[in-house]
Amino acid sequence: MASETSSSMFSRPWNNDVFLSFRGEDTRKSFTDHVYTALVRSGIRTFRDDDELRRGEDISSALIKAIQQSRISLIVFSKRYASSRWCLDEVTEIINCKNTIGQIVIPIFYDVDPSDVRRQTGPFQQAFDRHEKRFREEMEKVKKWRVALEDAGKLSGFALQNMENGHESKFIEKIVEDVLSKLNYNYFDVAKHPVGIDSRVTDVISLLSLDINDVSIVGIHGMGGIGKTTIAKAVFNHLCHGFEGSSFLLNVREVSEQTNGLVKLQKQLLSDTLKSNKFKIYNIDSGISLIKQRLCAERVLVVLDDLDQLEQLDALVGEGNWFGLGSRIIITTRDEHLLAQLELVEKYKVNILNRDESLQLFSKHAFKKTHPLEEYVDLSNSVVDYVGGLPLGLEVLGSYLCNRTIPEWESAVQKLRKIPHWQIQKKLRISFDTLDDDKVKDIFLDIACFFTCKDKDSVLKILEDCGFFPEIGISVLIQRSLLTIDYENRLIMHDLLRDMGREIIREMSPNHPGKRSRLWFHEDVLKVLKRQEGTDVIEGIALDTRATKEVTLSIESFAETRNLRLLQINAVNLTGEQEHRFEDLRWLCWHECPFESLPPNLQLDNLVVLEMQCSNITEIWKDVKVLKKLKILDLSHSRHLAKTPNFSGLISLEKLILQGCTSLGEVHLSIGQLEKLVFLNLKGCKSLKDLPESICNLKSLEILNIALCTKLARLPEHLGNMESLTELEADKTDIKQLPSSIRYLKNLRNLFWSVMEDGVEPSIRSPKDSTWLLSTSLNSKALQPTSFLSSSSLTTLDLFGCGLSDDAISIDFGSLSSLSKLSLGKIDFCHMPSGISRLTKLRFLGLTSCRNIKSTGKLPSSLVFLFIADCESLERISLSLEKLWGMHLFGCHKLVEIQGLKSARKMQVYVK
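Note that the UniProt record's numbering has the sequence shown beginning at 1, numbered continuously upward.
The following block contains the structure:
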């Protein structure tokens with residue numbers, strides 16, 4: 001974890017201006033002493049190691065730290081410099097600092113030729129002849145010394161023999177002048193409290209690859225207020241004097257919007273890098289030509305801060321080839337897509353501060369300490385949690401709350417929940433205002449108000465039918481650092497960005513919520529609906545009363561909301577007999593609906609997604625309901641639902657979720673008419689005894705989940721007709737035999753199947769991290785139809801408790817060419833099934849409670865992880881350790897040999 005320390009390398013001035021490296025026996029009391037005195041007299045903070053007696057052979061850690069904390073290193077190469085291992089370690093560390101953190105290195109050749117240093121000839125050759133004899137066992141170290149001297153000898157520096165008449169005083173005068181010119185720079189103020197800066201700056205400098213002599217570009221991207229400019233300033237401060245010229249162009253987006261803004265930036269770029277104000281630029285094209293002409297041979301460092309258009313890049317740096325070799329260009333932007341359009345660019349995404357960094361930064365601003373005052377700890381934690389690691393928010397709110405009382409803090413926290421701080425709002429709103437068009441802005445606002453943490457695919461279907469073109473719109477929001485997608489495919493928006501979007505809506509009509517386009521704040525929604533103050537401006541409403549369950553609204557409350565697209569009324573009791581046409585409604589979310597069926601007076605002709613989880617319904621509607629646009633129907637955990645509706649009117653349905661409908665006993669025959677259905681989830685429908693044969697007509701179905709349907713005893717005979725099926729999850733059912741037609745499921749990738757034994761779930765003992773070990777089982781009668789597996793593309797197969805013996809096994813495991821996960825449990829064979837060694841894609845193998853097996857036989861070389869538990873007769877394991885990284889063995893008490901273990905590299909082995 002990076003944190004603010006007194007030795008922060010990048011975000012505050014260096015501890016030393018100059019580090020002097022020299023051979024004490026040669027120059028300590030003569031030339032180097034004169035150089036040191038001249039530097040100090042000029043006000044230059046100079047570190048000189050005064051310890052003449054070297055204790056031990058290795059350079060001290062204190063000296064390494066002194067090198068790393070110096071802005072410039074002066075290396076005085078004298079005739080016996082290379083004879084000191086200590087000096088050679090110093091120059092190696094100095095060159096490393098030059099290459100990694102941009103330290104300026106100035107070589108001084110005192111009565112030695114630079115070529116002797118560069119090539120290790122003359123007195124340097126003699127020194128290395130002795131080193132190579134003495135350190136024969138450390139030749140790699142000697143090679144590093146040679147490389148360091150070669151690099152140092154190539155640098156531009158000062159040679160005494162080049163000074164007329166060899167006057168040391170003039171020689172030293174020139175050195176001091178050069179050092180002063182390199183130190184005479186107005187550094188950027190990076191941050192008042194630079195918490196977490198160093199590690200991020202180190203990452204960026206690493207991406208710049210300073211040791212490579214070409215032109216490279218690094219793009220720093222992330223959401224507004226996350227610290228992109230701060231990091232760029234710290235990098236610039238650290239590196240600028242290692243280049244022949246440097247320029248930091250602040251606020252490119254803002255400046256370029258001014259009259260002749262790009263021309264002004266072109267002039268600044270030339271003025272900064274060439275130290276001259278005599279350039280005349282009449283237009284962007286002439287500026288481009290002049291930049292190319294004057295900087296093509298210059299090694300420069302250029303920072304373009306806050307880019308948002310490609311034309312800005314084209315006007316200022318092109319593709320980087322306008323500058324001399326070794327040049328570096330840094331771009332900061334909120335738009336990752338802008339960086340993606342450049343071929344040769346390294347990208348660095350700035351992540352939020354971690355919890356400790358966040359609390360420390362907030363405390364520095366709020367309390368001038370690294371931690372909160374004791375009585376403010378809980379309040380501080382609540383603010384830090386709200387800000388979510390965004391440096392801008394932590395700084396602004398920390399300063400805002402500084403020296404305020406606890407009641408003031410409590411009031412401020414309550415206010416923030418409704419109205420964000422204006423400074424944060426102003427900074428973050430830039431990202432919204434610069435979005436491409438109103439469609440993308442509408443997508444952002446819909447997500448901010450209604451769809452954070454919602455499934456991306458479901459939201460896409462809703463927004464697509466609203467005419468918002470969400471595929472490209474969501475992509476833009478992700479590229480602009482306004483949105484992310486998590487591992488569960490949910491839309492994730494930072495809380496401060498969410499609140500920024502909601503504040504944009506509130507500002508439409510601060511005092512009259514009925515005139516805002518979207519309503520989500522509980523009190524505002526109730527005020528508008530109960531007073532019937534709704535207008536046709538309103539496009540979306542979210543009201544969640546599950547915590548109170550006391551809200552009753554009349555359907556007439558929605559009479560004037562004619563343009564309503566999105567509606568959430570969780571646990572709301574809706575009264576009134578008047579028919580209401582929700583003509584524009586695309587999304588209805590009514591969790592814990594109190595009715596036994598959907599009120600018939602709601603006309604939902606354009607509905608795309610209907611979510612009624614945990615509702616009181618017994619039958620969602622009677623007869624046939626024609627909803628031609630409905631794509632997702634989610635009735636999960638509606639415990640009183642007894643039967644599904646007639647599906648014949650739902651011609652566009654793609655996703656049907658009935659998980660946890662424990663009273664569901666009947667699936668309507670019309671389900672077979674759902675030609676577009678790709679996902680069917682019946683998991684945990686414990687009353688379901690049968691599936692209609694018509695379900696086999698679902699040619700588009702890809703995923704069928706009937707796990708935990710404990711009374712389901714059979715699958716339809718023609719299940720193999722589901723030609724698109726890729727995953728069948730039938731864990732913990734009463735199905736004891738697969739239908740023979742399953743052999744035709746050529747696209748099946750994952751099969752999960754286990755049988756409840758007398759109402760008891762099959763159990764597997766496995767470590768918590770072995771999530772790949774699944775409890776799918778077959779019984780001996782069911783194995784006959786599984787010959788289909790020999791030609792399938794199955795990737796996962798788990799057999800548990802199927803009672804097989806060596807004679808009964810009819811599966812040719814070797815022909816399961818795509819298998820990557822195989823688990824065998826509670827099986828009575830004495831030998832592993834033949835063909836397993838031929839599974840070239842098998843990565844995970846598990847054996848559990850196979851009590852008679854004595855040997856694994858030869859296992860495939862592709863194996864990554866092996867898990868064996870309670871195989872009490874197992875004596876031998878034969879392994880190829882080419883790719884194996886983990887092996888867990890439990891309860892294998894007779895194990896005497898693991899063949900191949902001697903050739904093991906690093907891997908995780910756990911035996912119990």
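Note that CB positions come from ideal geometry on N, CA and C, so glycine has one too.
Collapsed DSSP secondary structure at Leu63 in the structure displayed: The DSSP-derived three-state label of Leu63 is helix.
Simplified DSSP state of Thr100, which is helix, strand or coil: Looking at Thr100 - three-state DSSP - the assignment turns out to be helix.
Own chain, CB closer than 8 angstroms to Ile72, minus 5 neighbours either side, in chain order: In chain order, Asp17, Val18, Phe19, Gln103, Ile104, Val105, Ile106, Val179, Lys182, Leu183, His241 place their CB closer than 8 angstroms to the CB of Ile72, counting only its own chain and leaving out the 5 sequence neighbours on each side.
Close Cβ partners of Ile281 (< 7 angstroms) along its chain, the five nearest in sequence each way excluded: Residues Val263, Gln266, Lys267, Gly287, Leu290 of the same chain have their beta carbon placed closer than 7 angstroms to that of Ile281, with the five preceding and five following residues left out of the count.
Three-state class that DSSP yields for Thr452 in the structure shown: Residue state for Thr452 is assigned as coil, using DSSP reduced to three classes.
Closest by C-alpha distance to Gly225, when choosing among Thr333, Asp378, Glu132, Lys170: The shortest C-alpha separation from Gly225 is found at Thr333.
CA nearest to the CA of Asp26, picked from Asn15, Ile651, Ser411, Tyr110: Considering only alpha carbons, the answer is Tyr110.
According to DSSP, residues forming a beta bridge with Tyr348: Answer is Ile220, bridged to Tyr348.
For Leu180, the three-state DSSP class (helix, strand or coil): Looking at Leu180 - three-state DSSP - the assignment turns out to be helix.
Cut-off 6 angstroms between Cβ atoms - residues of its own chain near Glu93, not counting five sequence neighbours on either side: Excluding five sequence positions before and after Glu93, the CB atoms of its chain that fall closer than 6 angstroms to its own CB belong to Ile64, Ile67, given in chain order.
Per-residue burial, Asp453 [other beta carbons within 10 Å of its own, 16 or more giving buried]: Per the sequence shown, the amino acid found at residue 453 is Cys instead of Asp. Exposed, since its Cβ has fewer than 16 Cβ neighbours within 10 Å.
Three-way DSSP call (helix, strand, coil) for His580 in this model: When DSSP states are grouped into helix, strand and coil, His580 belongs to the strand group.
Exposure label - Asp436; buried when at least 16 CB within 10 Å: Residue environment for Asp436: exposed (fewer than 16 other C-beta atoms within 10 angstroms of its C-beta).
First through last residue of the beta strand (DSSP E) which encompasses Phe19: Per DSSP, the continuous beta strand (DSSP E) segment holding Phe19 begins and ends at 16 to 21.
Residues that DSSP places opposite Cys240 in a beta bridge: None, per the DSSP bridge assignment.
Exposed unless 16 or more other CB atoms sit within 10 angstroms - verdict on Leu778: Summary for Leu778: the model assigns pLDDT 35, below 50, so the residue's position carries little reliability, and this model does not support an answer.
First through last residue of the beta strand (DSSP E) which encompasses Lys655: Note, Lys655: beta strand (DSSP E), 655 to 657.
Contact check, Pro420 vs Asp499, beta carbons under 9 angstroms: Against a cut-off of 9 angstroms, the Cβ pair of Asp499 and Pro420 comes out as a contact.
6 angstroms Cβ shell around Met223 - same chain, five flanking residues per side excluded: The answer, listed in chain order, is Ser481.
Whole beta strand (DSSP E) elements within the stretch 254 to 315, 3-residue minimum: Correct list: 300 to 307.
DSSP beta-bridge partners of Trp753: Bridge partners of Trp753: Ala730.
DSSP-derived helix/strand/coil call for Ala159: DSSP, reduced to helix, strand and coil, places Ala159 within a strand of the structure shown.
Residue-level contact to chain B via CB, Lys854, 9 angstroms cutoff: In the structure shown, chain B does not exist; there is a single protein chain.
Pair within 9 angstroms by beta-carbon distance, Leu795 and Arg749: In the sequence under discussion, the amino acid at residue 795 is Thr, which differs from the Leu named in the question. The Cβ atoms of Thr795 and Arg749 lie closer than 9 angstroms to each other.
6 angstroms CB neighbourhood of Ser557 in its chain, flanking five on each side removed: These residues qualify, in order along the chain: Leu529, Gln532.
Buried or exposed by the 16-neighbour rule on C-beta atoms within 10 Å, applied to Cys462: In the sequence as presented, Cys is not what sits at residue 462; that position holds Ile. Around the beta carbon of Ile462, a 10 Å sphere encloses 16 or more other beta carbons of the protein chains shown; the residue is thus reported as buried.
Val896 burial status per 10 Å Cβ neighbour count (16 or more: buried): Exposed, since its Cβ has fewer than 16 Cβ neighbours within 10 Å.
Residue burial classification, Tyr36 (beta-carbon count within 10 angstroms, cutoff 16): By the neighbour-count rule (16 or more Cβ atoms within 10 Å), Tyr36 is buried.
Cβ pair count under 8 angstroms reaching 3, the stretch 591 to 608 against the stretch 489 to 499: No, they do not touch.
C-alpha distance - Lys292 paired with Leu313, whole-angstrom precision: When rounded, the distance between both Cα atoms is 14 angstroms.
Nearest candidate by alpha-carbon position, reference Trp885, set Pro510, Tyr376, Ser862, Asn283: Closest option to Trp885, Cα to Cα, is Ser862.
Contact under 9 angstroms by Cβ, Ala642 with Leu669: Not closer than 9 angstroms, so no.
Rounded straight-line distance, which links the Cα of Val176 to that of Gly43: Distance between the alpha carbons of Gly43 and Val176: 10 angstroms.
Closest Cα partner of Leu751 within the set Asn721, Leu704, Leu842, Lys858: Nearest in C-alpha terms to Leu751, of all of Asn721, Leu704, Leu842, Lys858, is Leu704.
Collapsed DSSP secondary structure at Met832 in the structure displayed: Secondary structure at Met832: coil, using DSSP grouped into helix, strand and coil.
Reduced DSSP secondary structure (H/G/I, E/B, other) of Glu634: The question names Glu, but residue 634 in the sequence shown is Asp. DSSP places Asp634 in strand when its eight states are reduced to three.
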